[in-house]
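Colleague:
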Amino acid sequence: MTTLANLIRRTAVVLVSGALVLAASGPAGADVPEGWDTPDPVDPTQALLLLGGVPLLLIVVITLLVFASGRRHGERVPTTGHAAEDHWFGGPRQGTAELSAPAEDDAATGGTSARW
Numbered sequence: 005m006t007t008l009a010n011l012i013r014r015t016a017v018v019l020v021s022g023a024l025v026l027a028a029s030g031p032a033g034a035d036v037p038e039g040w041d042t043p044d045p046v047d048p049t050q051a052l053l054l055l056g057g058v059p060l061l062l063i064v065v066i067t068l069l070v071f072a073s074g075r076r077h078g079e080r081v082p083t084t085g086h087a088a089e090d091h092w093f094g095g096p097r098q099g100t101a102e103l104s105a106p107a108e109d110d111a112a113t114g115g116t117s118a119r120w
């Protein structure tokens, strides 16, 4: 298939899906039912702070908790894009060497027990 046909198909999908979303949002613009109080208008700045600021604040708090957890155990969490070695959070500090091996090959020690 040519790139022009690909572009036309993708554009059509985006336009149709956007039109469906706009068509489905019609009831959201309905008037307030009779007998209900008319709500106060929402300040756009306050709405932006609430809908954008709260998720950003949660992201910052979760990030700080992740970094604080690593610092508490004396670990360094890389902040750059460098590849880090695998880490088992909450696992043995010395790697899998601390784990006991099964006494027999057929011991039921959990896991998938897959065979090649």
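For what it's worth, my numbering labels the leading residue of the sequence shown as 5, then goes sequentially.
All C-beta atoms in this analysis are idealised placements derived from N, C-alpha and C, irrespective of residue type, glycine included.
Every value quoted in this text rests on a predicted model; they were computed, and no experiment measured them.
Going straight from the alpha carbon of Val-36 to that of Gln-50, what length do you get?
Modeller: Taking the first residue of the sequence shown as position 1, residue 36 is located at position 32. Taking the first residue of the sequence shown as position 1, residue 50 is located at position 46. Whole-angstrom Cα-Cα distance: 22 Å.
Colleague: Check each candidate in Pro-59, Asp-44, Val-64, Phe-93 and name the one with the smallest Cα separation from Ser-73.
Modeller: Working through the sequence shown from its first residue, we reach residue 73 at position 69. Of the listed residues, the one whose Cα sits closest to Ser-73 is Phe-93.
Colleague: My parser needs the alpha helix (DSSP H) runs of 4 or more residues fully inside the region 11-57; what are they?
Modeller: 48-52
Colleague: Where Ala-32 and Leu-24 are concerned, what is the direct C-alpha to C-alpha distance, given to the nearest angstrom?
Modeller: Counted from its first residue, the sequence shown places residue 32 at position 28. Counted from its first residue, the sequence shown places residue 24 at position 20. Approximately 14 Å, taken between the alpha carbons.
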